[in-house]
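So the sequences go chain by chain: Y and D. Using UniProt numbering, the letters of the first sequence correspond one by one to residues 1 to 245. Using UniProt numbering, the letters of the second sequence correspond one by one to residues 1 to 130. C-beta: ideal position from N, C-alpha, C; glycine also. Each remark here refers to the structure printed beneath this line.
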Amino acid sequence: MTDSSKAASGHDDGAAQKAPADYIEALEALLDAARRDDAPRFTALLDDLAAAREQTLFQDVGRLTRQLHEALTSFQVDSRVADFASDEFPDARHRLDQVITITEQSAHKTMDLVEDMLPRAEALIDRATSLGGSFDNAGVASGSAAPELATFVNDVGEQVSSIRSGLSEVIISQNYQDLAGQEIRKVIRLVTEVEETLINMIRVAGKGDMLTERRRAGASATLPEGEQRITSQDEADELLSSLGF
Amino acid sequence: MNKDMQILVVDDFSTMRRIVKNQLRELGFSNMREADDGSAALDVLKSTHIDFVVTDWNMPGMAGIDLLKAIRADDRFKHLPVLMVTAEAKREQIIEAAQSGVNGYVVKPFTAAALKEKIDRIFERIEQGS
Numbered sequence: 001m002t003d004s005s006k007a008a009s010g011h012d013d014g015a016a017q018k019a020p021a022d023y024i025e026a027l028e029a030l031l032d033a034a035r036r037d038d039a040p041r042f043t044a045l046l047d048d049l050a051a052a053r054e055q056t057l058f059q060d061v062g063r064l065t066r067q068l069h070e071a072l073t074s075f076q077v078d079s080r081v082a083d084f085a086s087d088e089f090p091d092a093r094h095r096l097d098q099v100i101t102i103t104e105q106s107a108h109k110t111m112d113l114v115e116d117m118l119p120r121a122e123a124l125i126d127r128a129t130s131l132g133g134s135f136d137n138a139g140v141a142s143g144s145a146a147p148e149l150a151t152f153v154n155d156v157g158e159q160v161s162s163i164r165s166g167l168s169e170v171i172i173s174q175n176y177q178d179l180a181g182q183e184i185r186k187v188i189r190l191v192t193e194v195e196e197t198l199i200n201m202i203r204v205a206g207k208g209d210m211l212t213e214r215r216r217a218g219a220s221a222t223l224p225e226g227e228q229r230i231t232s233q234d235e236a237d238e239l240l241s242s243l244g245f
Numbered sequence: 001m002n003k004d005m006q007i008l009v010v011d012d013f014s015t016m017r018r019i020v021k022n023q024l025r026e027l028g029f030s031n032m033r034e035a036d037d038g039s040a041a042l043d044v045l046k047s048t049h050i051d052f053v054v055t056d057w058n059m060p061g062m063a064g065i066d067l068l069k070a071i072r073a074d075d076r077f078k079h080l081p082v083l084m085v086t087a088e089a090k091r092e093q094i095i096e097a098a099q100s101g102v103n104g105y106v107v108k109p110f111t112a113a114a115l116k117e118k119i120d121r122i123f124e125r126i127e128q129g130s
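Structure (structure tokens):
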């Protein structure tokens, strides 16, 4: 082997990064080949240098991959986690949908009642107004109760007008259902995303069968054939073994 | 303002469609159609004569802002007044709606007075323009 291979062989002993000084020997050999105009040797030495550099990168990737692998294999998928993924998250979504439905029905019921009352209030206002007018025309001296009656008719008109605008506000205030419903939908989307992530984690951890056979805690780590995720696990293992883990 | 005009109310929540229709009725309008998202609204626009669109922004399916853009991009509808009634009140969103040619923007929860004021202003401008 060439002199430079000594410098490049330092990668075998672990994750330590090369110091710049570690390259001096290889660089001098490279310079020497350049001065002698020895093209084959120069190219070989340059390739060795590049390989040494790549090796450091591979070590980093390897370390990360090993950490990921360890995290995945130690991921404790007990029946509780599988329950979350298979039952409780869909259940939570269903409950939130129910809240939207219940509040929607309730808001409509309120508006049904108000819309039934509004025209009654309007009819009362109209009659009080026209009756008030006829009192004015006829004068108030036609009976002892007449002044009081005239005042009453006037009051009815005013009070029912207040009731009418209050009823109108009741309808507008039902917008809570839309505003709350939009917030609930955002939570439903979040729950759905968490659920999907959890299911993927369970699969990546090789515990996919627990989603269908939840009670078998500690079930074997094999996945059904054709499961797509197994490919990436295999690839990770392959990379690990190629790096000597 | 022509009280006989046809108004299309677009919102995914039936509660809010009903509230808006109720308020429009209070203002004297009686011809109203409904749609629960932008694409349903476009279907109504293509099949019925509509004079005024009141739309929500955030809807599953086609959002109100995309409905607005589709209306402005179509020669048949591009002059249609559009009022946005929405809980989306971020600065960028209001700017986007304005740049897309919205005629008015009411933030939920709204009051009857606010809705009336925006509608009045839209039709004042239209009458001044014509």
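- Between D/E92 and D/V10, the alpha-carbon positions lie close to 22 Å from each other.
- Within chain D, no residue has its beta carbon less than 7 Å from that of Y/I102; the closest one is some 12 Å off.
- Per DSSP, D/N31 is not a residue of any alpha helix (DSSP H); the beta strand (DSSP E) it occupies stretches across N31 to A35.
- Y/M117 carries a helical assignment under DSSP once its states are collapsed to helix, strand and coil.
- Contact of Y/L96 with chain D by beta-carbon distance below 9 Å is absent, the smallest such distance being about 15 Å.
- Here the region 39-55 of chain D makes contact with the region 1-10 of chain D; the two share three or more CB pairs at distances below 8 Å.
- Put simply, the backbone Cα of D/S30 is about 41 Å away from that of Y/T192.
- Chain order gives no chain D residues near Y/G157, where near means a beta carbon separation below 8 Å; the closest approach is about 19 Å.
- Taking a beta-carbon distance threshold of 8 Å, D/E117 does not count as an interface residue toward chain Y.
- Contact of D/S30 with chain Y is not assigned, every C-beta pair being separated by 8 Å or more.
- For Y/V153, same chain residues with a beta-carbon under 7 Å away, outside a window of 5 residues either side, are A128, L131, G132 and F135 in chain order.
- Residue-level contact by beta carbon holds for D/T111 and chain Y, with a gap shorter than 8 Å.
- The beta-carbon of Y/M111 is placed less than 8 Å from the nearest beta-carbon of chain D.
- Y/D48 is the residue among Y/L124, Y/Y176 and Y/D48 whose C-alpha sits nearest the C-alpha of Y/L30.
- Apart from the 5 residues on each side of it in sequence, Y/M117 sits with its Cβ closer than 7 Å to the Cβ of L167 in its chain, given in chain order.
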